[in-house]
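**Q**
Protein chains: 2
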Amino acid sequence: MGDEQGSIERCSFNVVHKDVVELVKKKMPGDECLFDLAELFKVFGDTTRVKILFALFTAEMCVCDITALLGLTQSAVSHQLRVLKQARLVKCRKEGKMVYYSLDDEHVKQIFDQGLAHISHK
Amino acid sequence: MGDEQGSIERCSFNVVHKDVVELVKKKMPGDECLFDLAELFKVFGDTTRVKILFALFTAEMCVCDITALLGLTQSAVSHQLRVLKQARLVKCRKEGKMVYYSLDDEHVKQIFDQGLAHISHK
DNA sequence: CAATCATATGAATACATGCTCATATGTTAT
DNA sequence: ATAACATATGAGCATGTATTCATATGATTG
Numbered sequence: 140m141g142d143e144q145g146s147i148e149r150c151s152f153n154v155v156h157k158d159v160v161e162l163v164k165k166k167m168p169g170d171e172c173l174f175d176l177a178e179l180f181k182v183f184g185d186t187t188r189v190k191i192l193f194a195l196f197t198a199e200m201c202v203c204d205i206t207a208l209l210g211l212t213q214s215a216v217s218h219q220l221r222v223l224k225q226a227r228l229v230k231c232r233k234e235g236k237m238v239y240y241s242l243d244d245e246h247v248k249q250i251f252d253q254g255l256a257h258i259s260h261k
Numbered sequence: 140m141g142d143e144q145g146s147i148e149r150c151s152f153n154v155v156h157k158d159v160v161e162l163v164k165k166k167m168p169g170d171e172c173l174f175d176l177a178e179l180f181k182v183f184g185d186t187t188r189v190k191i192l193f194a195l196f197t198a199e200m201c202v203c204d205i206t207a208l209l210g211l212t213q214s215a216v217s218h219q220l221r222v223l224k225q226a227r228l229v230k231c232r233k234e235g236k237m238v239y240y241s242l243d244d245e246h247v248k249q250i251f252d253q254g255l256a257h258i259s260h261k
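Protein sequence lines correspond, in order, to chains W and F.
Going by my numbering, the first residue of the first sequence is number 140, and it counts up by one from there.
Going by my numbering, the first residue of the second sequence is number 140, and it counts up by one from there.
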């Protein structure tokens with residue numbers, strides 16, 4: 140309990156509302172958690188990956204079909220599928236030479252729906 | 140109907156499962172919508188912005204307090220607040236020299252909750 | 001009006017990332 | 001085995017982006 144606290148004071152290095160900052164700090168999840176959350180959303184933050192996930196909402200697909208659907212290089216699709224897999228958003232199943240990808244998450248659909256709701260002009 | 144379709148055929152430029160691709164294509168939202176969705180998630184895909192949003196879940200805060208909370212430059216915070224505002228995720232209110240930011244969205248909380256649920260090892 | 005303070009903004013920089021090209025891996029068929 | 005095919009992977013490149021520094025804007029106070 141120093142003498143430099145109170146409701147309103149100087150800013151810059153100090154804080155205007157010390158109580159608020161303390162309260163907020165208490166309620167915040169740990170840094171690692173927030174970092175992981177941002178990492179997850181980073182995965183959603185790319186058109187190609189969003190398209191792939193949306194496609195997999197409808198059906199399991201092989202790399203070849205996804206490539207044709209998106210009109211991209213097979214390599215590009217494969218790279219992005221790896222990202223999605225590392226984030227545990229999709230899983231794959233081998234059948235001969237083909238690899239079939241499908242969703243591996245129950246939350247993505249709801250996250251996307253909420254995102255779409257926001258986009259639809261609020 | 141031509142003679143190059145069917146269930147299984149060559150890949151590369153053609154498609155293995157033409158029916159699946161067609162079905163998926165039909166069910167996919169338009170390109171612009173998918174782009175906007177990715178743009179929205181891109182905003183969530185940064186630790187600083189995630190922290191700011193989490194902070195605002197608890198309380199309205201001025202730039203100064205957010206800066207102190209995050210231990211960043213005031214400039215960095217201001218830049219990110221602009222991004223959040225452009226995405227219509229936060230709104231601001233002026234009071235003298237201070238600017239108070241608060242949430243401007245009902246979906247973010249649920250999106251974050253779903254994201255956290257995914258992270259918590261499924 | 002001059003000084004101080006809170007916030008915003010522009011330029012520069014450092015770093016991340018998505019795509020392509022080339023090639024590797026692994027599977028099926030001849 | 002060899003060829004054809006589906007997918008994965010690594011390097012390189014081009015683009016995007018988060019931060020910092022310096023400074024501008026706008027408000028309050030003396």
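C-beta atoms are modelled at their ideal positions from N, C-alpha and C, and glycine is treated no differently.
Everything numeric in this text was worked out from a predicted model, so none of it was measured.
Pull up the DSSP beta-bridge partners for VAL238 (chain W), would you.
**A** Working through the first sequence from its first residue, we reach residue 238 (chain W) at position 99. Paired residue(s): W:LYS233.
**Q** Measuring CB atoms only, is the segment 229-246 of chain W touching the segment 188-206 of chain W, in the sense that at least three cross pairs come out at less than 8 Å?
**A** Enough Cβ pairs lie closer than 8 Å, so yes.
**Q** Would you give the residue range spanned by the alpha helix (DSSP H) that HIS246 (chain W) belongs to?
**A** Position 107 of the first sequence holds residue 246 (chain W). Taken as a continuous stretch (DSSP letters only), HIS246 (chain W) belongs to no alpha helix (DSSP H), as it is neither H nor E.
**Q** Could you pull out every unbroken alpha helix (DSSP H) segment of at least 4 residues lying fully inside the segment 166-241 of chain F, listed in chain order?
**A** Here the runs fully enclosed are 170-183, 186-197, 202-209, 213-225.
**Q** Just how far apart, CA to CA, sit ASP204 (chain F) and GLN213 (chain W)?
**A** One-based indexing of the second sequence puts residue 204 (chain F) at position 65. One-based indexing of the first sequence puts residue 213 (chain W) at position 74. So the alpha carbons of these two residues sit roughly 48 Å apart.
**Q** Is the closest heavy atom of the ligand SAM to the C-beta of CYS172 (chain W) under 6 Å?
**A** Among the components of this structure there are no ligands whatsoever, and the ligand SAM is therefore not found.
**Q** Identify whether GLU154 (chain W) lies in helix, strand or coil by the three-state DSSP scheme.
**A** What you label residue 154 (chain W) is simply residue 15 of the first sequence in a count that begins at 1. For the record, residue 154 (chain W) in the displayed sequence is Val; it is not Glu. Coil.
**Q** If you run the structure through DSSP and keep just helix, strand and coil, what is HIS257 (chain W)?
**A** To locate residue 257 (chain W), count along the first sequence from 1; it is residue 118. Looking at HIS257 (chain W) - three-state DSSP - the assignment turns out to be helix.
**Q** Mind checking ALA215 (chain F): buried by the 16 CB within 10 Å criterion, or exposed?
**A** As a first step, residue 215 (chain F) must be located in the second sequence, where it is residue number 76. The residue in question, ALA215 (chain F), is exposed, as its Cβ has fewer than 16 Cβ neighbours within 10 Å.
**Q** Are the beta-carbon atoms of ALA198 (chain F) and VAL163 (chain W) separated by less than 7 Å?
**A** If you number the second sequence from 1, residue 198 (chain F) lands on position 59. If you number the first sequence from 1, residue 163 (chain W) lands on position 24. Against a cut-off of 7 Å, the Cβ pair of VAL163 (chain W) and ALA198 (chain F) comes out as a contact.
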